[in-house]
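> Sending over a structure as structure tokens; questions will come in a sec.
Number of protein chains: 2
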Amino acid sequence: MPPVTELETPCILIDIPQMQANIARMQAHCDQHGLDCRPHVKTHKVPEIAQMQMEAGAVGIACQKLSEAQVFIDEGFGNIQIPYNVVGPSKTARLADMALYNRVTVSADHVSVIAGLSDAAAANEIVLRVMVELATELERTGAPVSEVLQLAQKIDADDHLHFAGLLVYPSNPIIRPALQEALDALHRAGIGVDIVSGGGMDAALRVHEMPELTELRVGTYIFNDYGSVRRGLAALDECAMTALATVVSRPTSDRAILDSGSKTLSAINDKGVYGFILDYPDAILYNLNEEHAFVDLSRCDEKPVIGERVRIVPVQAGVVSNLHNQLFGVVGEAVEAIWTVAARGMVW
Amino acid sequence: MPPVTELETPCILIDIPQMQANIARMQAHCDQHGLDCRPHVKTHKVPEIAQMQMEAGAVGIACQKLSEAQVFIDEGFGNIQIPYNVVGPSKTARLADMALYNRVTVSADHVSVIAGLSDAAAANEIVLRVMVELATELERTGAPVSEVLQLAQKIDADDHLHFAGLLVYPSNPIIRPALQEALDALHRAGIGVDIVSGGGMDAALRVHEMPELTELRVGTYIFNDYGSVRRGLAALDECAMTALATVVSRPTSDRAILDSGSKTLSAINDKGVYGFILDYPDAILYNLNEEHAFVDLSRCDEKPVIGERVRIVPVQAGVVSNLHNQLFGVVGEAVEAIWTVAARGMVW
């Protein structure tokens, strides 16, 4: 394989030793707290990388969409959680096909979602594993705690559904009283809870305050990103993903333009910063167009020249993987693996 | 082909009659002002769509990256402008290979960029067409007006380069004095200017104030987007691209969650708004996670139910195409074409 110096830019590099260290550390963290580790593969979308997470001790994987899950099922993955409301007859039929042999667990936050799952499971003559999602301070999906028991009972009473537990995102300690209330109600109703699945990067560091959890869904930890660094969740040298970019223009003494725009780094920013340039820590990546990155060099003593290559830690790793057809696994300046982002674009 | 009602969501619909009307209107606008129309294909990345633009009268196409251009060359496109500094020996060698038969014109804003182009052209024994990019108020790439003559002379004096004209982005009237100064200097030096290429959606509407232009590079006009609408450049019913999404959760009376997150719509927003929901004009799409769109329904009299499908006008069309493997060309509720986004992810 070509060395890093011969790769075309922009491209995405994954530091293999750092990624392996990140995998090992999160697995050890889960082991220490008696939690099953369930990596969310939406961060990388690469079956070979998910396999490394499984070999390190993960109990299974999480996928955010059916088409993403299908890619991993086709590669032989067997314990897949889809923490998402699967809605509509076409989607629930696909889910029921995937869920043969108990391979797939799904979540629901409403009776109408459960009814759709039941119909599809009945049509396929299977029993489908369904978790109930509890609403959190994120105010995204999830049922209020007052409805959790009713939803669980509906699943439990359905011949074609199995109540597989509770799901929370993020599982920050602020949600613990509601989680305890839901668990108490289920216990008093005589409904067993197999799994209490939490998730989120911040929440991962506070699982000791959430003893009700049995498993942790985490994605970004495998690469980390500048968003993690800015939130104090990772150090810069724990970031395994970088974008390799070339300086294509130096129009003024204080400005550089790189070939890594929003089609390379995504338009996600952290308070107006679109990534961190490792080679020029005082430079500020302050804007992106589709194929141009704008860099302010005014605080830099040394400044890059046209043609120079730099490495950028992206703000949000999971959307970056999804923009690229390949990720380049590197050890120092050697390319050791070229991974196809097999589940890229799998939003259906 | 399946009707729209049977497409899996999220997916991207292109209203074919509206797209054709947009193509015809921009071509007529260019014709009226005596300008060559050069569609920027980065907006759609689909050769079949570029072919429609050519058949409507376009002089050629613009591509933002080499790998994007290669896709269109492989499909037989022959007049391709790459308004970008192509930097580094590998990239310039690829460019020189593509530029056989005068198919490709490139731009440059610095002597070191020109030197690299010259070396590659000499190695391939071709003459490469090179434009000089003039800096604008955008403060992106481009040489200051004081350097344009020197750069043009360097190109003009090179046996393997041909000075192909000036390039400006955006070509708003504010840049006219600098453009006139550059043209005067070239004229006095006896250097002919084949092409003065402008670009930009706003600038397109003001070409009558920029009589120096000979051609217009425009991309977004083919679809329009909510960003165009917010800037007063297009009406909502002139937007040909919509994302078809499903309501997957209704956690509260005022909130809906759609299955179209930042991996479907991109994270680009216009002052905190991530798209416009045609079916619920009073709804506000106020946040995106990777696979979730957050909608505020508090101002809506009618509210969608779980499973309902809605159409969203994205904020920036060009980054949306790049996230998807297919675009669905529709006429009413019929799918008439499924276009592969052949140049998706082509950032090299």
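Protein chains in written order, with the numbering used here: chain A, 1 to 348; chain B, 349 to 696.
Positions of the beta carbon are idealized from the N, C-alpha and C atoms, including for glycine.
Could you tell me which of A:Leu236, A:Ile126, A:Ser90 sits nearest to Thr105 of chain A, measuring between CA atoms?
Of the listed residues, the one whose Cα sits closest to Thr105 of chain A is A:Ile126.
> What residues from chain A crowd round Glu529 of chain B, counting only those whose CB sits closer than 7 Å?
Here the premise fails: no neighbours, minimum Cβ distance about 17 Å.
> Pick from B:Tyr517, B:Leu534, B:His640: whose alpha carbon is nearest that of Ala500 of chain B?
It is B:Leu534.
> Show which residues of chain B have a CB atom less than 8 Å away from the CB atom of Trp348 of chain A.
Per Cβ cutoff of 8 Å: Glu356, Thr357, Pro358, Cys359.
> Counting contacts by CB-CB distance shorter than 7 Å, is Val435 of chain B in contact with chain A?
Interface residue, yes.
> Jot down the residue ranges of each uninterrupted alpha helix (DSSP H) in the region 606 to 675 of chain B, minimum 4 residues, whole runs only, in chain order.
Segments of the alpha helix (DSSP H) lying fully in the region 606 to 675 of chain B: 610 to 613, 665 to 669.
> If we call anything under 7 Å between Cβ atoms a contact, is Thr376 of chain A one with Asp259 of chain A?
Here chain A has residues from 1 to 348 only, and residue 376 of chain A is not among them.
> Please list the terminal residues of the continuous alpha helix (DSSP H) segment that includes His535 of chain B.
Where His535 of chain B is concerned, the enclosing alpha helix (DSSP H) stretches over 524 to 536.
> Between which two residues does the alpha helix (DSSP H) carrying Phe420 of chain B extend?
414 to 422 is the extent of the alpha helix (DSSP H) around Phe420 of chain B.
> Distance check for Ile16 of chain A and Ala334 of chain A, CA to CA, integer angstroms please.
Their backbone Cα atoms lie some 10 Å apart in a straight line.
> In the DSSP assignment, find the unbroken beta strand (DSSP E) run with Pro387 of chain B in it and report its ends.
That run of the beta strand (DSSP E) goes 384 to 387.
> Using C-beta distances below 7 Å, list every residue in its chain close to Ala178 of chain A, excluding the 5 sequence neighbours before and after it, in chain order.
Only Leu134, Val145 meet the Cβ criterion.
> Within the same chain, show all residues whose beta-carbon is closer than 8 Å to that of Asp585 of chain B, passing over the 5 residues directly before and after it, in chain order.
Taken in chain order, the residues that qualify are Gln366.
> Residues in the same chain with beta-carbon distance under 7 Å from Ser171 of chain A, minus the five sequence neighbours each way, listed in chain order, please.
Gly198, Gly199, Gly200, Ala203, Met210, Leu213, listed in sequence order.
> Would you please verify whether the beta carbon of Thr141 of chain A is less than 7 Å from any beta carbon of chain B?
Interface residue, yes.
> If you follow the alpha helix (DSSP H) that Cys378 of chain B is in, where does it begin and where does it stop?
364 to 380 is the extent of the alpha helix (DSSP H) around Cys378 of chain B.
> Which chain A residues are close to Arg598 of chain B, counting only those with a beta carbon under 8 Å from its beta carbon?
The contacting residues are His110.
> Short of 7 Å in beta carbon distance, which residues of its chain neighbour Lys502 of chain B, apart from the five on each side in sequence? Order them along the chain.
Val459, Ile462, listed in sequence order.
> Note down the Cα distance separating Gln80 of chain A from Lys42 of chain A, rounded to an integer number of angstroms.
Residue 80 of chain A is actually Ile in this sequence, not Gln. So the alpha carbons of these two residues sit roughly 12 Å apart.
> The beta strand (DSSP E) spanning Ile195 of chain A covers which residue range?
Looking at the DSSP string, the run of the beta strand (DSSP E) that includes Ile195 of chain A is 195 to 199.
> CB-CB under 8 Å to Thr340 of chain A, same chain, minus the five flanking residues each way: which ones, in chain order?
Around Thr340 of chain A: Val46, Asn325, Gln326.
> For Ser601 of chain B, which residues from the same chain have a beta carbon less than 6 Å from its beta carbon, with the 5 sequence-adjacent residues on both sides left out?
Within the same chain, Ser601 of chain B has no close Cβ partners at all.
> Quick check: is the beta carbon of Lys502 of chain B nearer than 7 Å to any beta carbon in chain A?
Not closer than 7 Å to any Cβ of chain A, the Cβ of Lys502 of chain B fails to qualify, so no.
> Nearest chain A C-beta to Ser455 of chain B closer than 7 Å, yes or no?
Not an interface residue.
> Would you please verify whether the beta carbon of Ile539 of chain B is less than 7 Å from any beta carbon of chain A?
It does not: the Cβ of Ile539 of chain B has no partner Cβ on chain A nearer than 7 Å.
> In chain order, what residues of the same chain have a beta carbon less than 7 Å from the beta carbon of Ala56 of chain A, not counting five sequence neighbours either side?
Correct list, in chain order: Ile23, Ala24, Gln27.
> For the ligand ADP, is there any heavy atom lying closer than 6 Å to the beta carbon of Ile539 of chain B?
For the ligand ADP, the structure offers nothing, since it holds no ligand at all.
> Indicate the three-state DSSP secondary structure (helix, strand or coil) for Met589 of chain B in the structure shown.
Three-state result, Met589 of chain B: strand.
> Here's the rule I'm using: 16 or more other beta-carbon atoms within 10 Å means buried, otherwise exposed. How should Leu167 of chain A be labelled?
Leu167 of chain A comes out buried.
> Flag Ile306 of chain A as yes if its beta-carbon sits less than 7 Å from any beta-carbon of chain B, otherwise no.
By this cut-off, Ile306 of chain A is an interface position.
> Given a limit of 9 Å on CB to CB distance, which residues of the region 634 to 652 of chain B reach chain A?
So the list reads Asn635, Asn637, Glu638, Glu639, His640, Phe642, given in the order they occur along the chain.
> Are any of the Cβ atoms in chain B nearer than 7 Å to that of Lys271 of chain A?
No - not a single Cβ of chain B is within 7 Å of the one on Lys271 of chain A.
> If I measure Cβ to Cβ from Phe624 of chain B and keep anything under 6 Å in the same chain, skipping five residues before and after, which residues do I get?
Same-chain partners within the cutoff: Tyr574, Val661.
> Could you pull out every residue in the same chain whose Cβ sits closer than 8 Å to the Cβ of Asp301 of chain A, ignoring the five residues on either side in sequence?
Contacts found: Asp282.
> Interface residues of chain B around Arg311 of chain A at Cβ under 7 Å?
Going along chain B, no residue has its Cβ under 7 Å from Arg311 of chain A, so there is no contact; the nearest lies around 16 Å.
> Verify the CB distance criterion: does Val218 of chain A have a CB-CB separation below 7 Å to chain B?
Not one chain B Cβ lies under 7 Å of Val218 of chain A.
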